[in-house]
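Student: Under numbering that gives the first Met the number 0, the first residue of the sequence shown carries the number 0, and numbering increases by one thereafter.
Shown below is the structure under consideration.
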Amino acid sequence: MLEGTRVTGIATDKVREAMQRAGVDYSIELLPWKRAYLAAQQRPDACVYSTSRTPERENLFKWVGPTAVAEWVMMARADSKLTLRSLEDARGLRIGTYNGDARDAYLRARGFRVDAANEDLANAGKLLLDRIDLWAASLRTGTTILSRYGYDKKIVPLLVFNRIELYLACNPGVPDAVVGRLNAAFEAMARDGTARRIERSYENWGGPIRQP
Numbered sequence: 000m001l002e003g004t005r006v007t008g009i010a011t012d013k014v015r016e017a018m019q020r021a022g023v024d025y026s027i028e029l030l031p032w033k034r035a036y037l038a039a040q041q042r043p044d045a046c047v048y049s050t051s052r053t054p055e056r057e058n059l060f061k062w063v064g065p066t067a068v069a070e071w072v073m074m075a076r077a078d079s080k081l082t083l084r085s086l087e088d089a090r091g092l093r094i095g096t097y098n099g100d101a102r103d104a105y106l107r108a109r110g111f112r113v114d115a116a117n118e119d120l121a122n123a124g125k126l127l128l129d130r131i132d133l134w135a136a137s138l139r140t141g142t143t144i145l146s147r148y149g150y151d152k153k154i155v156p157l158l159v160f161n162r163i164e165l166y167l168a169c170n171p172g173v174p175d176a177v178v179g180r181l182n183a184a185f186e187a188m189a190r191d192g193t194a195r196r197i198e199r200s201y202e203n204w205g206g207p208i209r210q211p
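Here's what the structure looks like:
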């Protein structure tokens, strides 16, 4: 996310710290997900985060991290009568996704009815306008969006349907030595408490799951 002109967030702060510890020259640019993901595949010096490490992506990148563990949730309007005990309960419902991201691919591969948006924020508006029934989001990112734009009383998480590690995914052209130094930096940050301190600095991002 942007604070003024500076890109911020838990993953960004961890990536910056790792880059500095590893002695890597870098710049961070905020792009739409699909464009950023494509850039990391095409540019030999590029990486993209935070990227779900799925079997389909394993051989496309060199992996650094993890930067976080993501909880994927189904969000609904607070006044909705929907209850979800499992992901199967969402079958047949209109599910808003972020075009090209891992949740979108995950649900499509399993035959769910998805309606992709080019910006994840758009799914909150689509949900409130009853254009979709559910929004498949990252719990942390989704609740941050809701809080920032004043939707946190109008949209609530219903179900955690997957947990997955997120990484900095680097083009295969990034030297192994650089990837090794970055992974060593992430390991050191976990040992010395830096990673946890960064996470604690972003408080109140999560929210309780409404029970059926």
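Every residue gets a Cβ at the ideal spot worked out from N, C-alpha and C, and that includes glycine.
Check whether the region 190 to 199 touches the region 6 to 21, taking contact to mean three or more Cβ pairs, one atom from each stretch, closer than 8 Å.
Tutor: Touching, yes, given that three or more Cβ pairs across the two stretches are closer than 8 Å.
Student: Look at Ile27 and Tyr201 and say whether their C-beta atoms are less than 8 Å apart.
Tutor: The answer is no: Cβ separation not under 8 Å.
Student: Going by beta-carbon coordinates alone, are Leu215 and Ala67 separated by less than 8 Å?
Tutor: Here the chain has residues from 0 to 211 only, and residue 215 is not among them.
Student: Would you mind stating whether Val155 and Met74 have Cβ atoms separated by less than 8 Å?
Tutor: For Val155 and Met74, yes; Cβs fall inside 8 Å.
Student: Which parts of the region 23 to 107 are runs of the alpha helix (DSSP H), unbroken and 4 residues or longer, counting only runs that do not cross its ends?
Tutor: Within the region 23 to 107, the complete alpha helix (DSSP H) runs of at least 4 residues are 32 to 41.
Student: Roughly how far, in whole angstroms, is the beta-carbon of Gly180 from the beta-carbon of Ala45, given that I think they are within contact range, below 8 Å?
Tutor: The amino acid occupying residue 180 in the given sequence is Arg; Gly does not appear at that position. Not really, about 17 Å apart at Cβ, beyond 8 Å.
Student: Whole angstroms is fine: what's the gap from Lys80's alpha carbon to Leu37's?
Tutor: Distance between the alpha carbons of Lys80 and Leu37: 39 Å.
Student: Taking C-alpha atoms, which residue in Glu70, Val63, Gly95 and Thr140 lies nearest to Met188?
Tutor: Measuring from the Cα of Met188, the nearest candidate turns out to be Val63.
Student: In this structure, does DSSP put Val200 in helix, strand or coil?
Tutor: According to the sequence as given, residue 200 is Ser; it is not Val. Of the three classes helix, strand and coil, the one that applies to Ser200 here is coil, per DSSP.
Student: Have a look at Asp284 and Val23 and give me their C-alpha separation to the nearest angstrom.
Tutor: For the chain, the structure presents residues 0 to 211; residue 284 sits outside this window and is missing.
Student: Considering only the alpha carbon of each residue, which of Arg42, Pro43, Asn58 and Pro65 lies closest to Thr50?
Tutor: When only C-alpha atoms are compared, the closest one is Pro65.
Student: Using 8 Å as the threshold, is the C-beta distance between Ala116 and Gly95 below it?
Tutor: In contact: Ala116 and Gly95 (Cβ atoms closer than 8 Å).
Student: Determine the direct distance from the alpha carbon of Ala135 to that of Ala101, and round the result to whole angstroms.
Tutor: The alpha-carbon atoms of Ala101 and Ala135 are separated by roughly 10 Å.
Student: Which stretch, first to last residue, makes up the beta strand (DSSP E) that contains Asn161?
Tutor: Note, Asn161: beta strand (DSSP E), Ile154 to Cys169.
Student: Beta-carbon within less than 6 Å of Asp119's beta-carbon, same chain only, minus the 5 sequence neighbours each way: which residues are those?
Tutor: Cβ neighbours of Asp119 beyond the five flanking positions: Tyr97.
Student: Output yes or no for whether 8 Å exceeds the beta carbon distance between Ala123 and Tyr48.
Tutor: Their beta carbons are not under 8 Å apart, which means Ala123 does not touch Tyr48 by this criterion.
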